[in-house]
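2 protein chains.
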Amino acid sequence: MSVKIKDVASAAGVSVATVSRVLGNGPVSAELRARVERAVLDLGYRPNLSARRLRSQHSQTVGLVVSDIRNPFFTGVSRAVEDAAYQAGMRVILCNTDENPEKEAMYLRLMQEERVSGVIFSPTRETSQHFNVAGFDFPMVMIDRTGPAGQADAVLLDNRLASIQLVEHLLDRGYSRIGALFGNTSTTGSERNGGYEEALKLRGLPSGGRFVAPTAEAAELAVAQWLKEATPPDALLASNGLMLLGALRALRAAGVSIPARMGLAGFDNEIWTGLVGEGLTVIEQPVYQIGQIAMEMLLARLEDASLPIRRVVLNGRLIERGSTRGPSRSEH
Amino acid sequence: MSVKIKDVASAAGVSVATVSRVLGNGPVSAELRARVERAVLDLGYRPNLSARRLRSQHSQTVGLVVSDIRNPFFTGVSRAVEDAAYQAGMRVILCNTDENPEKEAMYLRLMQEERVSGVIFSPTRETSQHFNVAGFDFPMVMIDRTGPAGQADAVLLDNRLASIQLVEHLLDRGYSRIGALFGNTSTTGSERNGGYEEALKLRGLPSGGRFVAPTAEAAELAVAQWLKEATPPDALLASNGLMLLGALRALRAAGVSIPARMGLAGFDNEIWTGLVGEGLTVIEQPVYQIGQIAMEMLLARLEDASLPIRRVVLNGRLIERGSTRGPSRSEH
DNA sequence: CTGAAAGCGCTTACAG
DNA sequence: CTGAAAGCGCTTACAG
């Protein structure tokens with residue numbers, strides 16, 4: 084079948100150990116090294132990574148476990164993780180869990196079978212509550228969502244602060260009945276709701292965040308219903324790109340003008356948020372950096388397992404656009 | 084360290100061969116099977132996939148080599164490939180090549196080292212021209228872009244037809260000077276240009292497609308310059324989602340009204356194309372199916388290497404939106 | 001610096 | 001149906 088280390092050894096007239104050392108940059112005389120390199124090229128030899136992993140007990144592989152790679156946030160993160168991983172000579176295995184705790188469990192089992200070096204994980208709230216990092220042979224870095232309190236490294240957005248910024252921006256612009264939609268499957272939703280409530284309470288205003296599935300469809304439905312109620316909000320905050328999209332669709336379908344009749348703001352600076360109407364006000368997350376830092380933290384821990392557990396909290400950036408320019412004066 | 088098959092064997096009082104057979108659904112008596120399964124559960128045993136792969140000579144892994152996972156087309160494809168792969172008990176290794184032939188070569192070498200079962204590949208034109216599928220030990224399925232003529236399975240859009248549909252639609256709507264932007268790194272761009280020229284020639288109209296890097300930035304620049312020329316087009320066709328975005332930005336920056344002063348249409352039904360202004364007319368690609376079919380073709384070939392080489396060509400779907408409603412009458 | 005030998009954790013003929 | 005043994009392709013002590 085394919086050429087193996089033994090073939091290279093005979094072609095170069097050395098032992099397999101020497102070939103292995105050349106490949107691994109071990110101590111080899113210049114002459115033998117040259118002969119081996121010649122033979123590798125001539126034969127087109129490619130080491131078998133399964134054999135190498137089995138023998139060396141290092142898989143040089145990291146798992147990336149997220150809900151759906153098609154969520155632009157995770158798309159961006161994954162690209163950063165890949166870049167950093169390949170630079171460090173590691174492979175990435177990507178897993179989509181669809182916010183489903185059973186799939187999460189299944190993929191984590193798979194990661195064990197792969198004997199991955201580590202995992203970068205964005206868990207559902209359910210999973211993060213009752214699972215024990217100690218039950219796994221590999222370190223984990225949580226991204227976007229907190230894992231079990233203090234058990235693992237994490238890189239997160241300051242969700243509370245971001246929500247506060249968004250709410251205060253809306254209030255400054257003259258909106259007063261601020262509604263909000265949060266995802267019900269992650270800790271992120273709860274944290275953002277926390278900031279939202281805090282900011283309103285500070286001004287003595289009532290809050291009324293609603294929790295729905297973190298999808299465009301669920302958000303669209305929720306907003307459509309909300310508009311039919313007695314006192315609908317005059318501004319809406321949506322907790323991720325998909326939900327912001329759903330909210331926008333519902334408002335358009337109902338003919339509610341933005342920003343006059345309804346202010347609209349949310350999370351994730353996706354391409355379309357800058358193109359739609361006069362633009363949607365959003366909190367931009369440092370997506371690429373989140374992936375990059377997660378990978379750095381993982382590599383650091385692989386170097387030194389005794390490192391203290393770390394949480395890196397990044398600030399989002401408020402991008403003000405037309406969708407929050409303020410309510411129409413005519414209503415006052 | 085971690086529990087291995089030998090531990091399970093002693094715990095169950097059987098040989099390692101029997102444990103292996105239970106795991107692989109081989110012929111084992113009900114009694115021994117039960118004892119082994121008990122032991123597997125008790126010990127939390129997880130087979131080591133590197134060892135399994137080395138011994139069985141089956142990696143159960145496919146490589147997915149694309150230019151950038153953040154291109155929504157490839158994001159969608161990758162999700163479909165993952166889904167199909169995991170269902171077939173296979174793993175996916177994702178590689179981003181950034182339209183760079185050197186990275187492509189590097190990752191294909193890596194695929195050899197992984198001893199992948201097969202690769203799903205979207206090559207640059209340069210790579211596809213002078214590379215030999217026979218030089219690899221694994222089968223490939225090309226997606227989105229033709230590989231070396233007739234050497235490998237492929238699943239493609241009918242790019243020529245799609246371009247024709249787009250051009251005829253623009254002509255029907257009253258546009259007459261139709262410009263076009265195509266990516267210069269793939270066969271896809273050439274094919275789409277072919278359809279574009281053919282459709283115009285049929286009506287006796289001049290064509291003038293321009294080839295640029297398939298990025299939003301390059302397209303934006305190209306359109307900005309085009310607008311300054313003596314006779315700019317009255318409609319523009321852009322060959323993928325990123326270029327369509329760039330074109331849109333350039334038109335907005337120049338204050339050119341769509342669809343009155345300039346019709347705009349392109350490829351890829353990305354979310355924002357339906358949200359912007361009165362919507363952009365696009366050809367929708369069956370993204371998920373492309374990934375799904377690619378994986379099916381790969382699995383079929385792994386079953387039977389003697390299968391004839393196949394090309395699956397899918398039709399796009401024209402979605403007519405406001406951006407091509409027709410030029411303003413005032414000009415006539 | 002170099003080589004012979006052991007062994008990583010499995011699967012798979014081979015016998016029985 | 002079951003087990004003892006060989007071997008997948010490497011790396012890594014161990015001697016020299």
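Chain order of the listed sequences is A and B. Read in order, the letters of the first sequence are residues 84 to 415 in the numbering used here. Read in order, the letters of the second sequence are residues 84 to 415 in the numbering used here. In this text, a Cβ means the ideal position worked out from N, Cα and C, and glycines have one as well. Every value quoted in this text rests on a predicted model; they were computed, and no experiment measured them.
- Here B/G292 has A263, F265, N276 and Y279 as same chain residues with Cβ atoms under 6 Å from its own Cβ, once five neighbours each way along the sequence are excluded.
- With fewer than 16 other Cβ atoms inside 10 Å of its own Cβ, A/P110 counts as exposed.
- Around the CB of A/D181, fewer than 16 other CB atoms lie within 10 Å, so the residue is classed as exposed.
- Per DSSP, the continuous alpha helix (DSSP H) segment holding A/G278 begins and ends at T270 to L285.
- Within the DSSP secondary-structure output, B/T101 pairs in no beta bridge.
- Annotated as distal: A/I176 and A/E196, with beta-carbon spacing of 8 Å or more.
- In this structure A/L137 is buried. Its beta-carbon is surrounded by 16 or more other beta-carbon atoms within 10 angstroms.
- Taking CB atoms only, A/I341 has no neighbour in chain B less than 8 Å away.
- For the set B/Q248, B/D151 and B/V123, the Cα lying nearest the Cα of B/P206 is the one of B/D151.
- With a 10 Å radius around the Cβ and a threshold of 16 neighbouring Cβ atoms, A/S406 comes out buried.
- Contact of A/S85 with chain B is assigned, a C-beta pair being separated by under 8 Å.
- For B/L147, the enclosing beta strand (DSSP E) begins and ends at T144 to V149.
- A/I366 and B/R344 have their C-alpha atoms roughly 34 Å apart.
- In chain order, A237 place their CB closer than 6 Å to the CB of A/R394, counting only its own chain and leaving out the 5 sequence neighbours on each side.
- When C-beta atoms of the stretch 108-128 of chain B are compared with those of the stretch 341-356 of chain A, fewer than three pairs fall below 8 Å, so the two segments do not count as touching.
- Straight across, the Cα-Cα distance linking B/G329 with A/L304 is about 32 Å.
- Among the CB atoms of chain B, none fall inside 8 Å of the CB of A/E361.
- Shortest Cα-Cα distance from B/A388 to any of B/S93, B/E165, B/K87 and B/M223 involves B/M223.
- Annotation: the stretch 340-392 of chain A contains the following complete segments of the alpha helix (DSSP H) (minimum length 4 residues), in chain order: 370-386.
- Pairing B/I341 with B/G360 gives a Cβ-Cβ distance under 8 Å.
- In the DSSP secondary-structure assignment, B/V216 is not bridged to any residue.
- Remark: C-beta atoms of A/A235 and A/I376 do not approach each other more closely than 8 Å.
- When C-alpha distances from A/A122 are compared across A/V97, A/S139 and A/Q140, the shortest belongs to A/V97.
- Assignment of A/A313 by DSSP, reduced to helix, strand and coil, places it in the coil class.
- Separation of the CB atoms of B/I88 and B/V102 is rounded to 5 Å, and the pair is thereby assigned contact status at 8 Å.
- For A/A163, the enclosing alpha helix (DSSP H) covers residues P155 to Q170.
- With respect to B/P316, B/I261 sits close: the two C-beta atoms are nearer than 8 Å.
- A residue is called buried when at least 16 other Cβ atoms come within 10 angstroms of its Cβ; B/N352 meets this threshold and is buried.
- Around the C-beta of B/H252, 16 or more other C-beta atoms lie within 10 Å, and the residue is accordingly described as buried.
- Rounded to the nearest whole angstrom, the C-alpha separation of A/R208 and A/Q308 is 26 Å.
- Exclusion of the five residues before and after B/S411 leaves A343 as the residues of its chain whose Cβ lies within less than 6 Å of its Cβ.
- Within the DSSP secondary-structure output, A/A232 pairs in no beta bridge.
- At a cut-off of 8 Å between beta carbons, B/N131 contacts chain A.
- Residues of the stretch 175-188 of chain B whose Cβ lies closer than 9 Å to any Cβ of chain A, in chain order: V175, I176, L177, C178 and N179.
- A/F219 and A/L239 have their C-alpha atoms some 22 Å from each other.
- When DSSP reads this structure, A/F265 sits in a beta bridge with A/F294.
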